[in-house]
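For the record, the sequence lines run as chains A and B.
Numbered per the numbering used here, the first sequence spans residues 3 to 278.
Numbered per the numbering used here, the second sequence spans residues 1414 to 1853.
To start, the structure itself, in structure tokens.
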Amino acid sequence: MALDLQIVKRTVGFLLKAVLLAIFVFPFLWMISTSLQTFEETMAFPPTWIPSWPQWINFVEAMNAGPFLVYARNSVIITFTIIVLQLLVMIPAAYAFAKYRFVGSKLMFGAVLLAFMIPGQVTFIPVYLMLAEWGWIKTLLPQIVPFMSNAFGIFLLRQYFMQIPQELIESARLDNASEFKIIRKLMIPMSMPALATIALFSFVSHWNDYFWPLVMTDSVSVRPLTMGIAMLRETEGISNWHIIMAGNVVLVVPILIVYLFASKQIVKAFVYSGIK
Amino acid sequence: MFKTKFAGIALAATLVTGMLAGCSGGPSNESAGETSPNATTPSNTAPAGKTTIQFWHSLGGKNGEYINAMIERFNKSQDKIEVVGTFQGSYDETVTKLQQAIAAKTGPDVTMLERAYVQMFADSDVLEDLTPYLKTSGMSENDFTAGLMGHSKFDNKLVSLPFNRSTPILHVNKTMLDEKGLSIPKTWDELKQVANALVIKENGEYKRYGYAMPYDTWYPIAMISQAKGKFFNDAGTSLGFDEAIGTKVFGFLKDLQSTGALYYPPQQDSGNIVNQMFLSGKIGMMFQSTGVIGSLKSNAKFEYVTAFLPMDQVYATPTGGANVSILADSKNKQAAWEFVHWAMTDPNGAQQFILDSGYLPFTKKMVESQPMKDLWAKEPNRKTAYDQLEYAIDTNKHVAWPQVMQEFFSAIQAIMYDNKPIEPTLATFKKETERLLSGK
């Protein structure tokens, strides 16, 4: 009887997961399918699920529809600069918040949390006006500088650092290790899963960001891939969905690759923090 | 204890200096390296000695390619001005971008502006009056197609000129009508008969509908003016159509919707949905922009023709699409005008763009030009759209139109989707409109 219950539980769990997976995977598969269809197939009603002959040419057409090398380069520069800067700011900050008590530490951490809670939609107009006044709109800076510090990352990393036993740090100090050496040799290696998670989240959100560049850019030379793909839409007339979807596939491939490498670390990060 | 405290402050300080260093160092180096490769992207930086004109537009996809080609032709035609065209998204997105850019003084010199938004910008005095430019270039308002000048003059200032203009039109699957021995409807009554005759219903499910239209304010407005109503009254204080006309228009739509003669599509992506249904024979006719004639023609597997929107009391159609304006804040207005003037008059300018894209010719010269005549001889579908301009009338002109439009959308939703009774819904809409028009 107990065994039966076990089986029922597993089956239900499996079914729920399968349904959930289907919900998440369906649009993704449809995107891939559409990216390989002909225009006639995208127009067909009821919809075509599997293209009769994969149209790889769609990818060539999508990439030739605009300066996609420029868009791709911008996306890479923006995303990686942001991640590097965020790590530079985040690690010492999280260490300080986790392991020191200093005047105003609580207040400062409160400020970090506050920054975490204010959505960008509230501040984007004043930020835009300020950056426009500084003459930054024709550069990549407006897409990088506002994201240099990652409040969510500082918060997450602080929690992670707090789990690292104080004794380890004390013994390192006894061995005359400088604070920066402690960070480098102790804190960073011990929190790789958390760092990988934060970096990946940051990567995905900035790589996919559409709203911020939509507001902050008004010329081709500073626009990222997301904007380039949105520009494949027809404003009047019939949109070439097969071309747009080919562009979208190109957009998500780097995310899949990065996730493939980082997924183990992410699972670790959540498993570890779950145990403690 | 002191040591840890100190180290803490030191770390917090590195945090701050790190931010500052990042500010001046890293990313700005990136962006310094940024400027040189820009030259490789099409038309981005002007060679020395040239005046650069920023031109914002809302044309993506194929039409975007056509406008880029036009800009390229201008840049090659002379060596003093370099026009940089930038696609800023849909008409609405372009308007939003303009609003923020004008406020931040980073706006373009020339912009495309969806015609219904012109008045809002004109009212804020941010558009240049083109009257003197027109005069010095030996042009006059009479050079333009009269039906397309409805959104150009406000407070006696000529603030925009037509560019990529379109109208709604009736698109017909003639093969389908012929099968049933039906002729193309010219009046609402005929539309009702033909649309009902096309319906195929099997087991309580519609296999084919009569006709469709995208979810838009454009088509109800067209019908209101066909019933001899105006959207706003002349004083601009209230709606210009009475209860009888409102009930007639929406009553007609609901009546046809109830028998499957009208398929009213869901909001999201409604234009693409009706196009798809039309191409795959799920509907026999549709009200839709002239902007899709080109794509329909190349994809229809049946005899595809266009016709005037059917009349009630009169033939009537609103216009759509966008105009171009020069911004009052521009530092290079003369150069900007040279570009606009070239586009308006040179056969390689907007004329070629219109031949390519299928938008309506907007100057009398374009209409009379040989290439346009040749095109019309080959594709009479496009001529129908131009001929219909004789009945063009835009009655939804008001500074507050963008807000009223939102309310009208709500009323359309309530009636078409939620089956709310027509009269009270329109009465509420009227009240809301009067409030918005009074500026309260």
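For every residue, glycine included, the Cβ atom is placed at its ideal position computed from N, Cα and C.
Measure from the C-beta of Gly1502(B) to each C-beta in chain A and report whether the shortest distance is under 9 Å. yes
Glu1845(B) versus Phe111(A) - alpha carbon distance: 48 Å
Identify the contact partners of Asn242(A) in chain B, using a Cβ-Cβ distance below 7 Å as the criterion. Gly1474
To the nearest angstrom, how far is the alpha carbon of Val224(A) from that of Gly230(A)? 10 Å
Among the candidates Val217(A), Ala201(A), Glu181(A), Leu188(A), whose CA atom is the shortest distance from the CA of Gly1858(B)? In this structure chain B extends from 1414 to 1853, so residue 1858(B) is not present and cannot be described.
Minimum C-alpha distance to Pro1774(B) - residue among Met1818(B), Met1552(B), Ile1597(B), Ser1579(B): Ser1579(B)
Residues of its chain near Gly1704(B), where Cβ-Cβ distance is below 6 Å and the 5 sequence neighbours each way are ignored: Ser1579
Check each residue of the segment 1802-1823 of chain B: if its Cβ is closer than 7 Å to any Cβ of chain A, include it; give the result in chain order. none
Length at least 4, wholly inside the segment 110-139 of chain A: the alpha helix (DSSP H) runs in chain order: 122-135
For the beta strand (DSSP E) containing Ile1480(B), name the first residue and the last one. Per DSSP, Ile1480(B) belongs to no beta strand (DSSP E); it is in the alpha helix (DSSP H), 1474-1490.
What separation, rounded to the nearest whole angstrom, lies between the Cα atoms of Pro1575(B) and Gln1491(B)? 24 Å
Between Trp1814(B), Ala1640(B), Gln1764(B), Leu1768(B), which lies nearest to Tyr1728(B) when the distance is taken from Cα to Cα? Ala1640(B)
Looking at the C-beta of Trp1750(B), does it have a partner C-beta in chain A at a distance below 9 Å? no
Under 9 Å between beta-carbons, which chain A residues line up against Gln1510(B)? List them in chain order, please. Just to set this straight, residue 1510(B) is Lys in the shown sequence, not Gln. Going along chain A in sequence order, the residues near Lys1510(B) (Cβ under 9 Å) are Leu216, Val217, Asp220.
CB-CB length for Ala1625(B) against Ile1696(B), believed under 8 Å: 5 Å
Which value, in whole angstroms, describes the spacing of the CA atoms of Val269(A) and Phe1766(B)? 55 Å
Under 9 Å between C-beta atoms, does Arg235(A) make it to chain B? yes
When the Cα atoms are used, what is the spatial distance from Gln88(A) to Ser77(A)? 16 Å
Quick check on Leu17(A) - is its C-beta less than 9 Å from some C-beta in chain B? no
Could you spell out where the alpha helix (DSSP H) holding Pro1815(B) opens and where it closes? 1814-1829
Three-state secondary structure assigned by DSSP to Thr1719(B): strand
With a threshold of 9 Å between beta carbons, is Glu169(A) in contact with chain B? no
Give the secondary structure of Phe157(A) by DSSP, where H, G and I count as helix, E and B as strand, and everything else as coil. helix
Near Ser1823(B), what residues of its chain come up, given a Cβ to Cβ distance below 8 Å and the 5 sequence neighbours on each side ignored? Phe1842
Closer than 9 Å, CB to CB, is Ile139(A) near chain B or not? yes
Proximal residues to Pro53(A) (C-beta, below 8 Å), its chain only, five neighbours per side dropped: Ser35, Leu38, Gln39, Thr40, Glu43
Beta-carbon gap between Tyr1504(B) and Glu1527(B) smaller than 9 Å: yes
For the beta strand (DSSP E) that contains Lys1643(B), what are its first and last residues? 1643-1645
Express the C-alpha separation of Ser207(A) and Val1753(B) in angstroms, rounding to a whole number. 41 Å
Would you give the residue range spanned by the alpha helix (DSSP H) that His1754(B) belongs to? 1746-1758
Whole-angstrom distance between Leu1611(B) and Leu1590(B), CA atom to CA atom: 8 Å
Would you mind sorting Asn1555(B) into buried or exposed? The rule is 16 or more other CB atoms within 10 Å of its CB. exposed
Taking all protein chains shown into account, decide if Gln1747(B) is buried (16 or more other Cβ within 10 angstroms of its Cβ) or exposed. exposed
DSSP three-state assignment for His244(A), whether helix, strand or coil: helix
In the DSSP assignment, find the beta strand (DSSP E) that holds Glu1506(B) and state where it starts and stops. Run containing Glu1506(B): none in the beta strand (DSSP E); it sits in the alpha helix (DSSP H), 1504-1517.
9 Å Cβ cutoff, Lys153(A) in contact with chain B: For the record, residue 153(A) in the displayed sequence is Ala; it is not Lys. No, no contact with chain B.
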